[in-house]
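Written below as structure tokens is the structure these notes are about.
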Amino acid sequence: MATTDLRPAARAGRSGGAARPVPAVTTARRRVRPARVAVNLVLLVISLLFVLPLVWMVFASVSSTASFELNLPSPPTLDNFHAILNTETTFRPLLNGLLLCGGATLLCVVVSILAAYPLSRYRSRLRRPFLYTVLFSTGLPITAVMIPVYSMFVQVELIDSMAATTLFLAASALPIGIWLMKNFMDGVPIVLEEAARIDGANAMQSLARVVLPLMWPGVTVVTVFTFISMWGNFFVPFVLLLSPEKLPASVSVFTFLSAHDQTQYGQLAAFSLVYTLPVVMLYLLLTRKLGGGFALGGALKG
Amino acid sequence: MESAAASAAAPVRPSGGRAGQSLLRGLPLLPSLLLLAVFLAGPILYCVYDAFTDAQLTGAAETHFVGLDNFTRAFGDPDFLNALWLTLVFVVGSAVVGQNTLGLSLAVMAEKATRPVRSLVNGVVIAAWVLPEVVAGYLMYAFFYQQGSLNDVLGMLGLPRQNWLYTLPILAVCLANVWRGTAFSMMVYSAALNEVPRELVEAAEMDGAGVWHRLWHVTLPVIRRSIMTNLMLITLQTLSVFGLIYAMTRGGPGNKSQTLPVFMYQQAFQNSLIGYGTAIALVLLVVGALFSVVYLKLLKVEED
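In the order they appear, the protein sequences are chains A and B. Take the position in the first sequence, starting the count at 1, then add 159; the result is the number in the numbering used here. Take the position in the second sequence, starting the count at 1, then add 211; the result is the number in the numbering used here.
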């Protein structure tokens with residue numbers, strides 16, 4: 160509050176007599192500071208509400224008497240982590256998740272780059288219908304497709320197959336992948352390819368040597384976001400995989416409570432933390448290098 | 212004008228056999244076509260077929276065509292109608308009102324805030340978004356639990372504690388989805404606000420327009436397209452939320468938070484009524500498809 164009192168004097172000193180006819184501007188400026196304080200306060204309160212659940216996870220993970228209550232762990236202990244860091248509980252589900260989501264992401268990204276090239280570079284009668292179909296399928300709720308997919312997989316005996324689940328995950332992320340990739344590729348001017356074409360490069364060569372290097376940030380954004388959404392996807396592996404030793408962390412965290420002692424909230428929190436860490440780190444890395452979500456938000460503007 | 216645009220976009224090389232060439236050009240589309248046909252179009256067609264049968268999880272050989280039975284059954288089933296209603300509440304409450312409004316407010320406020328506060332709010336909101344679905348579900352369960360953090364906050368403010376998950380489970384899952392999904396809207400709107408021409412806002416300010424006036428008459432009309440796109444996308448995302456609700460309440464207590472995806476799952480896998488479950492899935496697909504068509508109309512793939 161003290162600063163508020165000082166400001167008018169300071170401003171009067173600064174502007175001196177030079178700017179006489181500015182009472183309107185001065186009142187507007189004077190209103191800016193309290194407004195900014197208010198905005199900051201509101202944002203801090205919202206941040207607090209948003210962060211509370213995360214605080215519970217951190218506290219509970221290092222507490223020996225964790226419950227769903229929010230309590231300071233006293234004294235903090237690493238016992239929960241010791242208890243869960245073994246092959247059965249943590250390492251195998253994480254590895255399964257890595258195989259499923261990593262494989263599906265790789266497939267999805269490569270296939271959508273290939274698909275985006277003709278969509279971005281050539282005009283054709285089929286281009287628009289295809290783009291419409293892709294865009295249309297980004298809107299279809301994948302959740303609704305899971306029952307028919309299950310029935311189909313049962314009939315062709317692909318249930319409980321990690322390879323088939325990987326293929327399905329890749330296909331489900333493909334529409335949005337193609338769409339984003341095409342948008343990013345449209346940002347690379349076609350003129351730059353002309354030189355390569357004149358030198359005799361074919362389409363795939365100019366895609367690999369000219370276009371891709373220039374849209375690397377876009378490819379990275381799509382890759383990281385595809386991986387993050389798959390890493391958290393619960394329903395697909397929950398329905399398509401059965402054997403406990405094939406389940407990724409997204410499903411095993413769900414079975415955690417029933418499989419273990421009902422009161423092991425601390426272990427649940429510790430496991431959640433370990434399971435969440437890779438995607439958070441991936442996201443932070445992305446934000447550092449490319450502006451993360453901001454880039455995605457921009458690409459989705461339409 | 213038109214020919215210039217065409218030659219800029221058109222292939223650099225003079226064309227040989229046109230049909231053969233465009234076939235060759237389309238070749239990179241093949242892998243995606245294959246994947247989409249087998250794993251998306253296939254199941255959807257299968258869904259349309261299955262929804263008209265009495266397929267069950269056990270004894271698959273005895274499947275019969277039953278016409279519209281599954282649908283007449285659904286629309287006469289109070290549980291289905293309840294799920295349909297709750298889905299509507301969930302989508303409108305948590306996406307259209309919750310995520311959209313909060314996301315826009317956060318984006319607008321963040322522009323005015325000091326840098327550290329902006330980073331903080333971005334960080335925590337996005338953290339909730341990056342969390343895996345089921346983890347988010349557990350954290351929200353702990354948050355709304357009777358002895359949980361939310362009631363602690365209410366207690367500190369002198370407000371009565373609520374047994375959220377028991378008395379108002381649909382509100383709890385709505386708020387949980389707001390917590391988890393707001394980041395998306397916030398990012399879309401931050402990107403959009405960034406492109407609002409500064410001169411426009413300043414001109415309005417000169418004319419003496421207040422904060423609300425500027426927002427309503429200048430900023431919002433300029434970012435209209437982003438608003439529509441965002442509304443559509445979050446509606447579609449929220450329509451298929453399953454893991455979050457299932458981890459928090461499993462649709463309960465009773466059926467008080469049983470949205471269509473949860474209801475569908477329970478009918479198909481817990482009651483082994485694949486045919487009935489598929490019919491519900493088809494309803495969900497049709498709702499999604501309708502929204503998707505509106506979304507397409509709004510976006511209009513660039514005219515060419």
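Virtual Cβ for every residue (Gly too), placed ideally from N, Cα, C.
Asked: Identity of the residue in S365(A), E316(A), K448(A) and G377(A) nearest G346(A) by Cα; Found: G377(A)
Asked: Paired residues, beta bridge with T325(B) - DSSP; Found: In the DSSP output, where bridge partners are listed per residue, T325(B) has none listed.
Asked: Residues that Y356(B) contacts on chain A, provided the C-beta gap is smaller than 7 Å; Found: F227
Asked: Residue of H424(B), G278(B), S243(B) and R461(B) minimising C-alpha distance to P380(B); Found: R461(B)
Asked: Segment limits, alpha helix (DSSP H) that includes R251(A); Found: R251 to R280
Asked: Simplified DSSP state of T246(A), which is helix, strand or coil; Found: helix
Asked: Start-to-end residues for the alpha helix (DSSP H) that takes in W427(B); Found: Per DSSP, W427(B) belongs to no alpha helix (DSSP H) and is neither H nor E.
Asked: Counted within 10 angstroms of its Cβ, other Cβ atoms place T325(A) as buried (16 or more) or exposed; Found: buried
Asked: CB contact check: I381(B) to chain A, cutoff 8 Å; Found: no
Asked: For A394(B) and G336(B), believed in contact at Cβ under 8 Å, the rounded distance; Found: The sequence shown places Val at residue 336(B), rather than the Gly named in the question. At roughly 5 Å, the Cβ-Cβ gap stays under 8 Å, so V336(B) and A394(B) are in contact.
Asked: DSSP-derived helix/strand/coil call for F393(A); Found: coil
Asked: Continuous alpha helix (DSSP H) stretch holding I349(A): start and end; Found: It is not in any alpha helix (DSSP H) - I349(A) carries neither H nor E in the DSSP assignment.
Asked: Contacting positions in the region 481–510 of chain B - beta carbon closer than 7 Å to chain A; Found: I485, G488, T489, A492, L495, L496, G499, A500, F502, S503, Y506, L507 and L510
Asked: Cβ pair count under 8 Å reaching 3, the region 293–305 of chain A against the region 330–348 of chain A; Found: yes
Asked: is_contact[N239(A), chain B] using C-beta, thresh 8 Å; Found: no
Asked: Span of the alpha helix (DSSP H), counted from its first residue to its last, around E416(B); Found: R409 to M417
Asked: Cβ shell of T185(A) (< 6 Å), same chain only, five flanking positions each side left out; Found: With a pLDDT of 48 at T185(A), under the threshold of 50, the predicted position of this residue should be treated as unreliable, though the coordinate-derived value follows. Within the same chain, T185(A) has no close Cβ partners at all.
Asked: CB contact below 8 Å: M216(A) versus chain B; Found: yes
Asked: Closest residue to G486(B) among S503(B), I434(B), A252(B) and A285(B) (Cα-Cα distance); Found: A285(B)
Asked: Where M417(B) falls, given that 16 or more other Cβ within 10 Å makes a residue buried; Found: exposed
Asked: Minimum Cβ-Cβ distance from P232(A) to chain B less than 8 Å; Found: no
Asked: Own chain residues within Cβ distance below 8 Å of L447(B), not counting five before or after; Found: G499, F502, S503 and Y506
Asked: Pair within 8 Å by beta-carbon distance, V439(A) and A338(B); Found: yes
Asked: Within chain B, partners of A242(A) - CB distance below 7 Å; Found: Going along chain B, no residue has its Cβ under 7 Å from A242(A), so there is no contact; the nearest lies around 17 Å.
Asked: Distance, S365(A) Cα to E463(A) Cα; Found: With chain A represented from 160 up to 461, any question about residue 463(A) goes unanswered, as that position is not in the structure.
Asked: L445(A), DSSP secondary structure in three states; Found: helix
Asked: Same chain only: Cβ atoms within 6 Å of N362(B), ignoring 5 sequence neighbours per side; Found: R372
Asked: Which listed residue (L382(B), R329(B), L370(B) and E344(B)) has its alpha carbon closest to that of F355(B); Found: L382(B)
Asked: Contacts that T325(B) makes with chain A (C-beta to C-beta distance below 8 Å); Found: R195 and N199
Asked: Neighbour list for L326(A) in chain B, Cβ cutoff strictly below 9 Å; Found: L246, V249 and F250
Asked: 8 Å Cβ cutoff, M367(B) in contact with chain A; Found: no
Asked: Short CB-CB distance (under 8 Å) between I318(A) and chain B; Found: no
Asked: Cβ of G314(B) within 8 Å of any chain A Cβ; Found: no
Asked: DSSP beta-bridge partners of T470(B); Found: Beta-bridge pairing links T470(B) to no other residue.
Asked: Members of the region 301–313 of chain A near chain B, C-beta cut-off 7 Å; Found: I301, T302, A303, V304, I306, P307, V308, S310 and M311
Asked: Secondary structure of F276(B), DSSP reduced to three states; Found: strand
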